[in-house]
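Worksheet for the structure shown next.
Number of protein chains: 2
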Amino acid sequence: MERVVVIGGGGAGTAAATITKRLNPELKVSVFTEFSDIAYSPCGIPFVHGREIEKFEDLFLSTVQRYEEDGLDMRMETVVTDIDLDRRTITTKNQPEGFDQLILCTGFFWEQPDVPGVNLDGIHYVKDIRQSMEFDKQLDSMKRIVVVGAGPVGVEMAGGLARRGLQVDLVDEGPWVLHEILDPDVAKPVHDSLEARGVTLHLGTKTESFEGDKDGHVNAVVTSDGVLECDAVVTGLHKVPNTKLAEAAGLKLGTTGAVVVDDHMRTSAPGVWAAGDVVEIPHGLNMIPIVGLTGAHAYAQGRVAAVNITGGDLAYDPVWVPWGMVAGDYTIGGFSMGENLAKSVGIPYVLAKGVGITKARYYPGAEKTFVKLLAEPDTLRLIGGVIHGGEGVKERCDFLAFAAKRGATLYDLAYMENIYSPPIGALFEPIQIAAQNALAEQRANRLAVAT
Amino acid sequence: MERVVVIGGGGAGTAAATITKRLNPELKVSVFTEFSDIAYSPCGIPFVHGREIEKFEDLFLSTVQRYEEDGLDMRMETVVTDIDLDRRTITTKNQPEGFDQLILCTGFFWEQPDVPGVNLDGIHYVKDIRQSMEFDKQLDSMKRIVVVGAGPVGVEMAGGLARRGLQVDLVDEGPWVLHEILDPDVAKPVHDSLEARGVTLHLGTKTESFEGDKDGHVNAVVTSDGVLECDAVVTGLHKVPNTKLAEAAGLKLGTTGAVVVDDHMRTSAPGVWAAGDVVEIPHGLNMIPIVGLTGAHAYAQGRVAAVNITGGDLAYDPVWVPWGMVAGDYTIGGFSMGENLAKSVGIPYVLAKGVGITKARYYPGAEKTFVKLLAEPDTLRLIGGVIHGGEGVKERCDFLAFAAKRGATLYDLAYMENIYSPPIGALFEPIQIAAQNALAEQRANRLAVAT
Numbered sequence: 299m300e301r302v303v304v305i306g307g308g309g310a311g312t313a314a315a316t317i318t319k320r321l322n323p324e325l326k327v328s329v330f331t332e333f334s335d336i337a338y339s340p341c342g343i344p345f346v347h348g349r350e351i352e353k354f355e356d357l358f359l360s361t362v363q364r365y366e367e368d369g370l371d372m373r374m375e376t377v378v379t380d381i382d383l384d385r386r387t388i389t390t391k392n393q394p395e396g397f398d399q400l401i402l403c404t405g406f407f408w409e410q411p412d413v414p415g416v417n418l419d420g421i422h423y424v425k426d427i428r429q430s431m432e433f434d435k436q437l438d439s440m441k442r443i444v445v446v447g448a449g450p451v452g453v454e455m456a457g458g459l460a461r462r463g464l465q466v467d468l469v470d471e472g473p474w475v476l477h478e479i480l481d482p483d484v485a486k487p488v489h490d491s492l493e494a495r496g497v498t499l500h501l502g503t504k505t506e507s508f509e510g511d512k513d514g515h516v517n518a519v520v521t522s523d524g525v526l527e528c529d530a531v532v533t534g535l536h537k538v539p540n541t542k543l544a545e546a547a548g549l550k551l552g553t554t555g556a557v558v559v560d561d562h563m564r565t566s567a568p569g570v571w572a573a574g575d576v577v578e579i580p581h582g583l584n585m586i587p588i589v590g591l592t593g594a595h596a597y598a599q600g601r602v603a604a605v606n607i608t609g610g611d612l613a614y615d616p617v618w619v620p621w622g623m624v625a626g627d628y629t630i631g632g633f634s635m636g637e638n639l640a641k642s643v644g645i646p647y648v649l650a651k652g653v654g655i656t657k658a659r660y661y662p663g664a665e666k667t668f669v670k671l672l673a674e675p676d677t678l679r680l681i682g683g684v685i686h687g688g689e690g691v692k693e694r695c696d697f698l699a700f701a702a703k704r705g706a707t708l709y710d711l712a713y714m715e716n717i718y719s720p721p722i723g724a725l726f727e728p729i730q731i732a733a734q735n736a737l738a739e740q741r742a743n744r745l746a747v748a749t
Numbered sequence: 299m300e301r302v303v304v305i306g307g308g309g310a311g312t313a314a315a316t317i318t319k320r321l322n323p324e325l326k327v328s329v330f331t332e333f334s335d336i337a338y339s340p341c342g343i344p345f346v347h348g349r350e351i352e353k354f355e356d357l358f359l360s361t362v363q364r365y366e367e368d369g370l371d372m373r374m375e376t377v378v379t380d381i382d383l384d385r386r387t388i389t390t391k392n393q394p395e396g397f398d399q400l401i402l403c404t405g406f407f408w409e410q411p412d413v414p415g416v417n418l419d420g421i422h423y424v425k426d427i428r429q430s431m432e433f434d435k436q437l438d439s440m441k442r443i444v445v446v447g448a449g450p451v452g453v454e455m456a457g458g459l460a461r462r463g464l465q466v467d468l469v470d471e472g473p474w475v476l477h478e479i480l481d482p483d484v485a486k487p488v489h490d491s492l493e494a495r496g497v498t499l500h501l502g503t504k505t506e507s508f509e510g511d512k513d514g515h516v517n518a519v520v521t522s523d524g525v526l527e528c529d530a531v532v533t534g535l536h537k538v539p540n541t542k543l544a545e546a547a548g549l550k551l552g553t554t555g556a557v558v559v560d561d562h563m564r565t566s567a568p569g570v571w572a573a574g575d576v577v578e579i580p581h582g583l584n585m586i587p588i589v590g591l592t593g594a595h596a597y598a599q600g601r602v603a604a605v606n607i608t609g610g611d612l613a614y615d616p617v618w619v620p621w622g623m624v625a626g627d628y629t630i631g632g633f634s635m636g637e638n639l640a641k642s643v644g645i646p647y648v649l650a651k652g653v654g655i656t657k658a659r660y661y662p663g664a665e666k667t668f669v670k671l672l673a674e675p676d677t678l679r680l681i682g683g684v685i686h687g688g689e690g691v692k693e694r695c696d697f698l699a700f701a702a703k704r705g706a707t708l709y710d711l712a713y714m715e716n717i718y719s720p721p722i723g724a725l726f727e728p729i730q731i732a733a734q735n736a737l738a739e740q741r742a743n744r745l746a747v748a749t
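Chains A and B supply the protein sequences, listed in that same order.
Its first residue numbered 299, the first sequence is counted upward by one per residue in my numbering.
Its first residue numbered 299, the second sequence is counted upward by one per residue in my numbering.
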């Protein structure tokens with residue numbers, strides 16, 4: 299019986315393992331993870347801290363026992379220390395174990411702030427659910443938290459902790475929160491919503507050091523904006539691909555530092571596959587490799603590896619990265635890139651901007667939805683976009699990523715059909731409005747040039 | 299100065315007139331309507347009766363004065379009785395008036411029940427806002443209403459009137475409500491929701507006659523299910539294209555009885571255009587002409603006529619008809635066709651069925667969304683679908699209509715990227731789940747055939 303070894307029990311690893319076993323029950327499939335839990339949603343952690351979700355137990359999707367009943371060989375709390383590609387073994391607990399096919403799903407670790415005091419107690423990273431459960435208990439007796447880094451997790455944690463009644467300072471060097479993905483014009487409603495929850499924003503502010511008490515527990519963050527006393531620190535910086543094993547085994551790494559895979563999730567070594575946050579994936583627009591995708595991407599990549607390992611032929615396409623989140627109480631999203639990123643990487647674009655509503659204007663609960671689309675000059679092919687406010691942000695961004703991947707233009711979107719029914723949709727679809735506005739501007743410009 | 303005459307002040311007519319004037323302010327644009335109001339939303343009427351929207355005045359988007367200020371020649375309460383294509387005149391109030399270009403937007407009238415007593419007072423059609431305002435006052439002293447016809451407006455009216463506290467009987471010959479667009483498996487939650495609002499359903503029930511009191515006001519509906527006493531009747535049958543003028547003028551009518559237009563909204567007569575409910579439009583799947591589209595379609599068609607009249611070159615594409623509505627408190631929608639319609643017209647299909655959730659499973663407010671997709675056997679190209687339950691029905695159906703029009707397959711949807719963020723989207727997109735299920739079944743079938 300052939301043996302498939304999966305290293306990692308996150309989204310990619312569990313998808314790869316369960317789907318491999320389902321597609322070919324003859325295979326022995328082993329999952330190695332350093333943690334004691336499997337199949338829970340780390341994405342839900344900020345919302346349990348924020349008491350929007352009742353308890354951590356709600357985040358568990360399945361149990362180790364259930365996986366074992368499905369025929370998987372579950373190796374919990376088992377760290378893989380080495381991969382030997384020649385002997386086709388991995389090493390755990392100083393013992394080699396053989397594999398025929400290996401799927402590397404070692405995920406990511408959080409970037410640490412590169413300042414003195416970073417090893418003090420009480421500096422929390424949002425990842426391991428057991429640590430978060432412990433942290434949550436401590437929060438009951440805490441008053442003031444500093445969140446370092448206004449990336450997605452930092453923003454969700456700041457909003458959640460403030461909702462819970464804690465005093466929260468959110469510190470980031472960038473000029474606005476989420477500045478790597480968000481355009482400045484979208485930052486205002488996000489800032490307003492976070493502040494309405496009670497978060498104090500310290501933007502353009504450098505974290506200089508952490509200070510601790512005599513027991514080595516953090517009690518202050520020294521920033522360029524002054525000293526912020528605190529009972530604990532939460533970090534929300536970048537995800538860094540966890541390539542330690544891959545690198546030691548000599549797998550090819552890419553420009554981002556992550557593992558290079560082909561469109562079948564094959565690494566540079568025969569019979570070795572990788573999926574999830576440890577790999578880089580080309581962006582659909584320009585084929586430049588990127589990292590830092592979502593759990594949905596990790597799961598999908600794990601599935602592709604599983605299908606191909608079991609004799610299928612399934613490609614994982616370049617990504618158009620629909621994204622969305624709730625910042626404070628304000629929903630934001632987008633796909634591919636916004637204006638800020640397009641400018642940073644020097645991609646020229648035509649802008650389509652519009653404001654629509656989520657229900658008929660006169661229907662209770664109708665909210666404004668702001669749409670900004672970026673299109674290639676001349677062809678007007680969709681290259682990116684941002685949507686914020688109101689319901690339907692997730693569905694619209696999924697749609698636009700799908701449409702952009704297939705070459706849709708502003709013309710297509712300007713004349714798309716849409717549902718008009720007062721309680722669920724307005725006469726004009728917000729996406730349509732943005733695209734129509736751009737076409738009207740293009741016409742006006744052509745007329746101006748012609749005269 | 300060339301003169302453009304628009305007959306009709308609904309969605310198509312107002313779009314055609316305002317956009318023509320905006321694109322070429324030199325033109326004299328006249329709008330003739332038999333009504334005293336312009337630019338209101340008839341789609342909102344059931345929700346005012348149901349007290350979800352406060353007052354009828356909320357439904358008005360603009361005023362006659364505003365249109366006049368924009369340079370339009372508004373001919374309110376003016377019935378056009380004749381079109382003379384040779385002399386290029388229309389007749390109103392026994393006077394001919396000339397036109398250079400004519401846009402026919404005469405809309406629809408409601409099918410009348412074909413039974414005795416149909417001309418009694420108190421049988422209400424949902425169309426003219428002034429009549430609805432009058433009816434709404436009468437409703438204050440009424441107790442019991444019979445709604446004849448469980449089409450979209452009948453269902454919205456029944457739900458609205460029941461919500462207001464009236465005793466409502468909904469009568470339809472079909473075996474379930476909305477049976478022309480809805481599949482039987484989707485009817486149950488709709489029935490449950492209407493009944494929860496207090497609507498009594500009389501399905502498979504024929505309306506045989508209306509009976510009246512000595513003043514000629516309806517006071518009972520005789521049905522195959524017995525006599526239903528009532529203070530008034532609301533009808534909700536089919537929309538019938540209002541082709542009286544078109545037919546008299548000799549414009550070509552199509553298989554549906556509606557006016558035939560080309561993809562530029564030109565009728566069979568030079569310089570005569572038509573848009574909205576008076577025309578038939580080919581369905582994108584099989585190019586068979588259909589009628590009974592929505593206000594959003596009417597507006598878009600009016601725009602196409604306007605663009606082409608003013609020297610542009612814009613095609614109105616065959617339609618894939620995304621639709622959606624709230625029945626009782628349950629949201630339903632779809633695009634192109636469901637199973638029931640596909641079977642009726644003999645279109646073979648592969649079924650993709652799945653149940654997803656609108657937020658992460660553990661996030662408060664997560665609701666089930668049911669997705670059913672129909673795809674062409676072999677190619678698995680999308681040909682129709684139904685979505686019901688939860689938020690995002692409208693956005694998903696808009697998306698699917700767009701994707702189907704562009705030839706998307708179940709493969710494309712099974713591997714679409716999606717946003718996973720607990721408060722707004724689950725790990726798996728419901729559309730993706732349905733498509734994945736179908737692919738898994740296809741694989742299983744192939745394996746079964748192979749062995």
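Each residue gets a CB set at the ideal place from its N, CA and C atoms; glycine is no exception.
Review point. The alpha helix (DSSP H) spanning A:Thr318 covers which residue range?
Key: Position 20 of the first sequence, counted from the start, is the residue given in the question as residue 318 of chain A. Here the alpha helix (DSSP H) through A:Thr318 covers 309–321.
Review point. Exposed or buried, B:Leu745, counting other C-beta atoms within 10 Å across all chains shown (16 or more means buried)?
Key: On the second sequence, position 447 is the one that residue 745 of chain B refers to. Its Cβ having fewer than 16 others within 10 Å, B:Leu745 is exposed.
Practice item. For B:Trp618, go through chain A and note every residue whose CB falls closer than 7 angstroms to its CB, in chain order. Key: The residue given as residue 618 of chain B occupies position 320 in the second sequence. Residues of chain A passing the Cβ test: Glu715.
Review point. From this set, B:Met585, B:Lys486, B:Lys512, which residue's C-alpha is nearest B:Gly779's C-alpha?
Key: With chain B running from 299 to 749 in the structure shown, residue 779 of chain B is simply not present.
Point to revise | Contained beta strand (DSSP E) runs [length at least 3] in the stretch 429–480 of chain A, N- to C-terminal order | key: You should have 442–446, 465–470.
Check your understanding: So what's B:His391 in DSSP terms, helix, strand or just coil?
Key -> Numbered from its first residue, the second sequence carries residue 391 of chain B at position 93. The residue asked about is misnamed: residue 391 of chain B is Lys in this sequence, not His. Three-state result, B:Lys391: coil.
Exercise for review: Could you list the residues in the stretch 408–437 of chain B with a C-beta less than 7 angstroms from some C-beta on chain A, going in chain order?
Suggested key: Identification of residues in the stretch 408–437 of chain B having a C-beta nearer than 7 angstroms to some C-beta of chain A yields an empty set.
Check your understanding: Going by beta carbon distance, what residues of the same chain come within less than 6 angstroms of B:Asn638, once the five residues before and after it are set aside?
Key -> As a first step, residue 638 of chain B is located in the second sequence; it is residue number 340 there, counting from the start. The answer, listed in chain order, is Asp481.
**Study point:** Residue burial classification, B:Glu280 (beta-carbon count within 10 angstroms, cutoff 16)
**Key:** Since the displayed chain B opens at 299 and closes at 749, residue 280 of chain B lies outside it and no answer follows.
Check your understanding: Do B:Pro646 and B:Pro620 have their CB atoms nearer than 8 angstroms?
Key -> As a first step, residue 646 of chain B must be located in the second sequence, where it is residue number 348. As a first step, residue 620 of chain B must be located in the second sequence, where it is residue number 322. Contact flag unset, no.
Practice item. Thinking A:Gly652 and A:Val684 are a contact (beta carbons under 8 angstroms), I'd like their distance in whole angstroms, please. Key: Looking up residue 652 of chain A in the first sequence gives position 354. Looking up residue 684 of chain A in the first sequence gives position 386. Actually they are not in contact, since the Cβ atoms of A:Gly652 and A:Val684 sit about 12 angstroms apart, beyond 8 angstroms.
**Study point:** Same chain only: Cβ atoms within 6 angstroms of A:Leu400, ignoring 5 sequence neighbours per side
**Key:** Stepping through the first sequence from its first residue, residue 400 of chain A is reached at position 102. The residues are Val303, Val570.
Point to revise | Close Cβ partners of A:His477 (< 8 angstroms) along its chain, the five nearest in sequence each way excluded | key: Taking the first sequence and counting its residues from 1, the one referred to as residue 477 of chain A is at position 179. Answer for A:His477: Ala448, Asp470, Ala485, Asn638, listed in chain order.
**Study point:** Extent of the continuous beta strand (DSSP E) run through A:Gln399
**Key:** Locating residue 399 of chain A in the first sequence gives position 101, counting from the first residue. The continuous beta strand (DSSP E) containing A:Gln399 extends over residues 399–402.
Review point. Residues in its own chain within less than 6 angstroms of A:Tyr597 by CB, not counting five upstream and five downstream?
Key: The residue you call residue 597 of chain A lines up with position 299 of the first sequence. The residues are Gly309, Ala313.
Exercise for review: Please list, in chain order, all residues of the same chain as A:Ile717 whose beta carbon is under 6 angstroms from its beta carbon, the five residues on each side excluded.
Suggested key: Taking the first residue of the first sequence as 1, we reach residue 717 of chain A at position 419. Within the same chain, Gly723 come within 6 angstroms of A:Ile717 by CB-CB distance, once the 5 residues on both sides are set aside.
Check your understanding: Given that A:Leu672 touches chain B, what residues does it touch there, using C-beta distances under 9 angstroms?
Key -> Translated into the one-based positions of the first sequence, residue 672 of chain A becomes position 374. Contact annotation for A:Leu672 against chain B: no contact, minimum CB-CB distance about 18 angstroms [criterion: below 9 angstroms].
Point to revise | 8 angstroms contact criterion, which B:Thr318 and B:Ile607 should meet: CB distance rounded | key: Within the second sequence, numbered from 1, the residue matching residue 318 of chain B stands at position 20. Within the second sequence, numbered from 1, the residue matching residue 607 of chain B stands at position 309. So it is a contact: roughly 6 angstroms between Cβ atoms.
Exercise for review: Compare the C-beta of B:Trp571 with all C-beta atoms of chain A and state if any pair is closer than 8 angstroms.
Suggested key: To locate residue 571 of chain B, count along the second sequence from 1; it is residue 273. At a cut-off of 8 angstroms between beta-carbon atoms, B:Trp571 makes no contact with chain A.
Exercise for review: With DSSP as the reference, please indicate the residues paired to A:Arg564 in a beta bridge.
Suggested key: Sequence index remark: in the first sequence, residue 564 of chain A carries index 266 (1-based). DSSP, once it has assigned bridges, lists A:Trp571 as partnering A:Arg564.
Point to revise | Collapsed DSSP secondary structure at B:Ala673 in the structure displayed | key: Stepping through the second sequence from its first residue, residue 673 of chain B is reached at position 375. Note: B:Ala673 maps to strand in three-state DSSP.
Check your understanding: B:Thr565 and B:Ala572: beta carbons closer than 8 angstroms?
Key -> Here residue 565 of chain B refers to the residue found at position 267 of the second sequence. Here residue 572 of chain B refers to the residue found at position 274 of the second sequence. Yes, these two residues count as a Cβ contact at 8 angstroms.
Exercise for review: Return no unless some Cβ of chain B is closer than 8 angstroms to the Cβ of A:Glu669.
Suggested key: Translated into positions along the first sequence, residue 669 of chain A becomes position 371. A small correction: the amino acid at residue 669 of chain A is Val; Glu does not occupy that position in the sequence shown. At a cut-off of 8 angstroms between C-beta atoms, A:Val669 does not count as an interface residue with respect to chain B.
Review point. When the Cα atoms are used, what is the spatial distance from A:Pro539 to B:Leu672?
Key: Within the first sequence, the letter at position 241 stands for residue 539 of chain A. Within the second sequence, the letter at position 374 stands for residue 672 of chain B. Straight-line spacing of the CA atoms in A:Pro539 and B:Leu672 works out to 40 angstroms.
Check your understanding: What number of angstroms, rounded off, separates the C-alpha of B:Ile381 from the C-alpha of B:Phe333?
Key -> To locate residue 381 of chain B, count along the second sequence from 1; it is residue 83. To locate residue 333 of chain B, count along the second sequence from 1; it is residue 35. If you take the alpha carbons of B:Ile381 and B:Phe333, they lie about 19 angstroms apart.
Exercise for review: Over the uninterrupted alpha helix (DSSP H) stretch that includes B:Lys703, give me the two end residues.
Suggested key: Numbered from 1 along the second sequence, position 405 holds the residue referred to as residue 703 of chain B. Run containing B:Lys703: 691–703, per the alpha helix (DSSP H) assignment.
Check your understanding: Once you ignore the five residues that flank A:Gln730 on each side, which residues in its own chain have a CB closer than 7 angstroms to its CB?
Key -> As a working note, residue 730 of chain A is residue 432 in the first sequence. Taken in chain order, the residues that qualify are Leu711, Ala712, Met714, Asn716.
**Study point:** Exposure label - B:Pro473; buried when at least 16 CB within 10 Å
**Key:** Start at 1 with the first residue of the second sequence, and residue 473 of chain B comes out as number 175. Exposed is the call here.
Practice item. Give the DSSP-derived three-state secondary structure of A:Pro662 in the structure shown. Key: On the first sequence, position 364 is the one that residue 662 of chain A refers to. Residue state, collapsed to three classes: coil.
Check your understanding: Is B:Val378 buried or exposed, if buried means 16 or more other CB atoms sit within 10 Å of its CB?
Key -> Against the second sequence, residue 378 of chain B aligns to sequence position 80. Burial call: buried.
Practice item. Select from B:Glu689, B:Lys441, B:Arg385 the residue whose C-alpha is nearest the C-alpha of B:Cys528. Key: If you number the second sequence from 1, residue 528 of chain B lands on position 230. Just measuring C-alpha positions, the residue of B:Glu689, B:Lys441, B:Arg385 sitting nearest B:Cys528 is B:Lys441.
Review point. Within the 8 angstroms Cβ cut-off, does A:Val329 reach chain B?
Key: Numbered from its first residue, the first sequence carries residue 329 of chain A at position 31. It does not: the Cβ of A:Val329 has no partner Cβ on chain B nearer than 8 angstroms.
**Study point:** Expected contact under 8 angstroms - CB spacing of B:Asp419 and B:His347 to nearest Å
**Key:** Reading the second sequence from its first residue, position 121 is the one you call residue 419 of chain B. Reading the second sequence from its first residue, position 49 is the one you call residue 347 of chain B. B:Asp419 to B:His347, Cβ: 18 angstroms. No contact.
Check your understanding: Can A:Tyr660 and B:Gly342 be called in contact, C-beta distance under 8 angstroms?
Key -> Taking the first sequence and counting its residues from 1, one reaches residue 660 of chain A at position 362. Taking the second sequence and counting its residues from 1, one reaches residue 342 of chain B at position 44. At the C-beta level, A:Tyr660 and B:Gly342 come within 8 angstroms of one another.
Review point. Nearest chain B C-beta to A:Pro662 closer than 8 angstroms, yes or no?
Key: Counted from its first residue, the first sequence places residue 662 of chain A at position 364. So, interface residue.
Practice item. Check each candidate in A:Pro323, A:Met299, A:Ile443, A:Ile351 and name the one with the smallest Cα separation from B:Gly663. Key: As a working note, residue 663 of chain B is residue 365 in the second sequence. Measuring from the Cα of B:Gly663, the nearest candidate turns out to be A:Ile351.
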